[in-house]
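Asker: Under full-length UniProt numbering, think of the first position of the sequence shown as 1, with each following residue one higher. In this text, a Cβ means the ideal position worked out from N, Cα and C, and glycines have one as well. Just so we're clear, the structure is a prediction, and the values are computed from it rather than from any experiment.
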Amino acid sequence: MARFFCELIGAEGGSAEKAPEYVFWRDSKLKVVEVSADWWDKGAESLHAPGTSPEACPDEFWWKQRSRHYFEVVLEDGRSYYIYFDSQKDRWVMEQEI
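1) What does a CB cutoff of less than 6 Å around residue 89 pick up in its chain, not counting 5 residues either side in sequence?
2) By the DSSP assignment, the beta strand (DSSP E) with residue 86 in it spans what residues?
3) What is the rounded straight-line gap between the Cα of residue 36 and the Cα of residue 8?
4) Nearest CA to the CA of residue 86: which residue from 80, 69, 74 and 33?
5) Using only CA atoms, which one of 25, 38 and 91 lies nearest to residue 77?
6) Comparing C-alpha positions only, which one of 74, 91 and 19 sits nearest to residue 40?
7) What did DSSP end up calling residue 91 once you bin it into helix, strand or coil?
8) Whole angstroms are fine: how far does the CA of residue 84 sit from the CA of residue 15?
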């Protein structure tokens with residue numbers, strides 16, 4: 001079972017079907033310079049790490065039961081992250097495998 005840290009982020013542009021142009025994360029506005037991959041996750045079990053944002057992932061064990069469109073994005077600082085739009089929360093979520 002994969003372990004993830006997830007966190008709510010802000011974004012400008014984009015939708016559940018299209019990656020955003022900018023993300024707002026940790027007091028920074030970062031341009032998305034590349035979408036290196038995107039895929040649909042039809043549901044899998046994952047364990048989210050301590051410190052995970054409770055708004056993003058309220059339970060220690062979290063079942064991804066809803067289909068999500070993930071984007072692997074490279075930001076202008078050179079780092080790459082997995083993000084998706086949570087339509088139930090109307091927010092973007094960033095996930096990092098740990």
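Answerer: This is what the structure gives:
1) Stepping through the sequence shown from its first residue, residue 89 is reached at position 89. No residues qualify anywhere along the chain.
2) By one-based count along the sequence shown, residue 86 stands at place 86. First-last of the beta strand (DSSP E) with residue 86: 80 to 86.
3) Taking the first residue of the sequence shown as position 1, residue 36 is located at position 36. Taking the first residue of the sequence shown as position 1, residue 8 is located at position 8. Those two C-alpha atoms are separated by around 21 Å.
4) Taking the sequence shown and counting its residues from 1, the one referred to as residue 86 is at position 86. In this structure, 69 is the residue among 80, 69, 74 and 33 with its C-alpha nearest to the C-alpha of residue 86.
5) Stepping through the sequence shown from its first residue, residue 77 is reached at position 77. Nearest to residue 77 by C-alpha distance, out of 25, 38 and 91, is 25.
6) Here residue 40 corresponds to residue number 40 of the sequence shown, with the count starting at 1. Closest in alpha carbon position to residue 40, among 74, 91 and 19, is 19.
7) Locating residue 91 in the sequence shown gives position 91, where the first residue counts as 1. DSSP places residue 91 within a strand segment (E or B) once states are collapsed to three.
8) Within the sequence shown, the letter at position 15 stands for residue 15. Within the sequence shown, the letter at position 84 stands for residue 84. Between residue 15 and residue 84, the alpha-carbon positions lie close to 9 Å from each other.
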